[in-house]
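According to the numbering used here, the stretch in the sequence shown is residues 313 to 618, in order. C-beta atoms are modelled at their ideal positions from N, C-alpha and C, and glycine is treated no differently. Only a predicted model underlies this, so the values are computations on that prediction, with no experimental measurement involved. Data block below; observations after.
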Amino acid sequence: KAEKSNTTTVTEFTLVGFSDIPNLQWILFGIFFVIYLMILLGNSIIILITRIDPTLQNPMYFFLANFSFLEICYVTVTVPRMLRDIWTQKGNIYVLACATQMYFVLMFGGTECLLLTVMAYDRYVAICNPLNYSLVMNYKVCIQLVAGSWISGIPVEIGQICQIFSFSFCGSSTINHFFCDIPQILKLACGDTFVNEIAVYIFSVVFLMVPFLLIVASYGKIISSILKLSSARGRAKAFSTCSSHLTVVVLFYGTAAINYLQPASNKSEGLRKLLSLFYTILTPMMNPIIYSLRNKDVMVALKKLL
Numbered sequence: 313k314a315e316k317s318n319t320t321t322v323t324e325f326t327l328v329g330f331s332d333i334p335n336l337q338w339i340l341f342g343i344f345f346v347i348y349l350m351i352l353l354g355n356s357i358i359i360l361i362t363r364i365d366p367t368l369q370n371p372m373y374f375f376l377a378n379f380s381f382l383e384i385c386y387v388t389v390t391v392p393r394m395l396r397d398i399w400t401q402k403g404n405i406y407v408l409a410c411a412t413q414m415y416f417v418l419m420f421g422g423t424e425c426l427l428l429t430v431m432a433y434d435r436y437v438a439i440c441n442p443l444n445y446s447l448v449m450n451y452k453v454c455i456q457l458v459a460g461s462w463i464s465g466i467p468v469e470i471g472q473i474c475q476i477f478s479f480s481f482c483g484s485s486t487i488n489h490f491f492c493d494i495p496q497i498l499k500l501a502c503g504d505t506f507v508n509e510i511a512v513y514i515f516s517v518v519f520l521m522v523p524f525l526l527i528v529a530s531y532g533k534i535i536s537s538i539l540k541l542s543s544a545r546g547r548a549k550a551f552s553t554c555s556s557h558l559t560v561v562v563l564f565y566g567t568a569a570i571n572y573l574q575p576a577s578n579k580s581e582g583l584r585k586l587l588s589l590f591y592t593i594l595t596p597m598m599n600p601i602i603y604s605l606r607n608k609d610v611m612v613a614l615k616k617l618l
């Protein structure tokens, strides 16, 4: 709506997405549609086999099933909207819808960081304290760890979204991204956003770096314990149970950390979109493949299901 001043208050944004490469729009639609179906199918199969196969009824696969469900939720926040924008050649999104999308992206992203940390702790207990594993990682503790991962970030994310969208948005309404992300929204805000930018860095450190350091500490202990094993076969088996999780951690944290912790002035918009594609779409697609190919128990359960 036009106000008495010469500024215009924005009530709707336009997501640019990949409209800067118009000749590839339908190819991109086909690629992202197939990837989305692969994510849904792959993660659903992981959830199914961990529920019905008796050999996978332990904490490790309980966490894996929750992680697969989280990945389905995570991509569903961004990909269907992106496919709709490519199909209609329009990227219009209301401010409220943009705020809602950003909230769920942050919530699921924060939950993923915490759940990866919980999975690292599970591997730490299994390898470094195997005699007490069933006692330490009992069903009640597993439920509490998963619930804590889902719930603990909610108040922080609500507060951050309210803080960001308390600004008026004036001038340009174009978001050069395929979903509503914090840096792009802050660029459109009227007024001084310095405090908000600091809050984003603090949020990134808390939900990215602190869990990552805990994961590194866990794997430091795990590797130390594995190297002490006298049997080469035992060492190989211990490493194989951790390799899938470690690969996912590197993929997710590597791209997310570069995107949120590196100064915005050091990245082009094209690079930011590419990095976002990695941790929002490509990593969830790779997770079922990684856990299937690098885990013999999952492969056996998958063959039995087929």
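Strand pairing of residue i, partner residues [DSSP]
{"i": "ALA501", "result": "PHE481"}
{"i": "THR321", "result": "CYS482"}
{"i": "ILE487", "result": "LEU327"}
Top-ranked residue by Cα proximity to residue i, from the options
{"i": "SER464", "options": "GLN475, GLY532, GLU424", "result": "GLU424"}
{"i": "GLN472", "options": "LEU428, ASP332, GLY422", "result": "GLY422"}
{"i": "PRO442", "options": "SER552, GLY403, SER537, PRO366", "result": "SER537"}
{"i": "GLN475", "options": "LEU498, HIS557, THR567, PHE564", "result": "LEU498"}
{"i": "CYS554", "options": "VAL430, PRO334, LEU500", "result": "VAL430"}
{"i": "MET419", "options": "LEU408, VAL453, THR362, SER461", "result": "SER461"}
{"i": "LEU586", "options": "LYS549, HIS489, ILE351, SER480", "result": "HIS489"}
{"i": "ALA409", "options": "ASP493, VAL610, SER543", "result": "ASP493"}
{"i": "SER530", "options": "TYR433, PRO600, PHE519, TYR406", "result": "TYR433"}
{"i": "GLY354", "options": "ILE333, SER380, PHE375, LEU426", "result": "SER380"}
{"i": "ILE351", "options": "ASP609, LEU618, TYR591, MET611", "result": "TYR591"}
{"i": "LYS615", "options": "PRO334, SER331, ILE333, ILE358", "result": "ILE358"}
{"i": "MET611", "options": "LEU427, ILE361, ALA544, LEU426", "result": "ILE361"}
{"i": "MET521", "options": "VAL562, ALA544, ILE535", "result": "VAL562"}
{"i": "CYS452", "options": "THR505, PHE375, PRO600", "result": "For the sequence presented, residue 452 should be read as Lys rather than Cys. Comparing Cα positions, the closest option is PHE375."}
{"i": "PRO600", "options": "SER356, THR505, ILE333", "result": "SER356"}
Contacting residues, own chain, Cβ-Cβ under 6 Å from residue i (five flanking each side not counted)
{"i": "VAL458", "result": "ASN378"}
{"i": "ILE487", "result": "PHE325, LEU327, GLN496"}
{"i": "LEU558", "result": "none"}
{"i": "ASP365", "result": "ALA613"}
{"i": "TYR565", "result": "PHE524"}
{"i": "SER331", "result": "none"}
First and last residue of the uninterrupted alpha helix (DSSP H) at residue i
{"i": "ASN378", "result": "371–400"}
{"i": "ILE455", "result": "451–463"}
{"i": "VAL610", "result": "608–617"}
{"i": "CYS474", "result": "466–476"}
{"i": "THR592", "result": "Element bounds for THR592: n/a, residue is neither H nor E."}
{"i": "ILE333", "result": "Run containing ILE333: none; DSSP gives neither H nor E here."}
{"i": "PHE519", "result": "Element bounds for PHE519: n/a, residue is neither H nor E."}
{"i": "SER446", "result": "445–448"}
Where the beta strand (DSSP E) through residue i begins and ends
{"i": "ILE405", "result": "404–406"}
{"i": "PHE325", "result": "324–327"}
Close beta carbons around residue i, own chain, < 8 Å, minus the five adjacent residues each side
{"i": "PHE344", "result": "VAL391, MET394, LEU395, ILE398, ILE593"}
{"i": "ASN444", "result": "VAL437"}
{"i": "GLU581", "result": "ASN488, HIS489"}
{"i": "GLN413", "result": "VAL389, THR390, ARG393, ILE405, PHE491, CYS492"}
{"i": "VAL407", "result": "VAL322, THR323, GLU324, PHE325, PHE477, PHE481"}
{"i": "LEU618", "result": "none"}
{"i": "LYS608", "result": "SER552"}
{"i": "GLY329", "result": "MET394, ASP397, ILE398, GLY403, HIS489, PHE490"}
{"i": "ILE514", "result": "none"}
Chain D contact for residue i (CB, 8 Å cutoff)
{"i": "ASN370", "result": "This model lacks chain D altogether; it includes just one protein chain."}
Neighbourhood of residue i by C-beta distance below 7 Å, restricted to the same chain and skipping five residues each side
{"i": "ILE570", "result": "LEU587"}
{"i": "ASN508", "result": "GLN475, ILE476, LEU498"}
{"i": "GLU469", "result": "TYR415, LEU418, MET419, GLY422"}
{"i": "GLU315", "result": "Residue placement at GLU315 cannot be trusted, given a pLDDT of 42 that sits under 50; the coordinates are not used to answer."}
{"i": "ILE602", "result": "SER556, THR559, VAL560"}
{"i": "LEU382", "result": "PHE420, THR423, GLU424, LEU427"}
{"i": "PHE519", "result": "GLY422, CYS425, GLY465"}
{"i": "SER317", "result": "Caution applies to SER317, whose pLDDT of 45 falls short of 50 and renders its modelled position unreliable; the value that the coordinates give is listed next. Nothing meets the Cβ criterion."}
{"i": "SER604", "result": "VAL610, MET611, LEU614"}
{"i": "ILE347", "result": "ILE593, MET597"}
Three or more C-beta pairs closer than 8 Å, one from the region 587–601 and one from the region 387–394: is that the case here? yes
Should the region 429–441 be regarded as contacting the region 356–374, the criterion being three or more beta carbon pairs within less than 8 Å? yes
Closer than 8 Å is the cut-off here; do at least three beta carbon pairs connect the region 520–538 with the region 445–457? no
Spell out a yes or no on whether the region 394–407 and the region 336–347 are touching, meaning 3 or more CB-CB pairs, one atom from each, closer than 8 Å. yes
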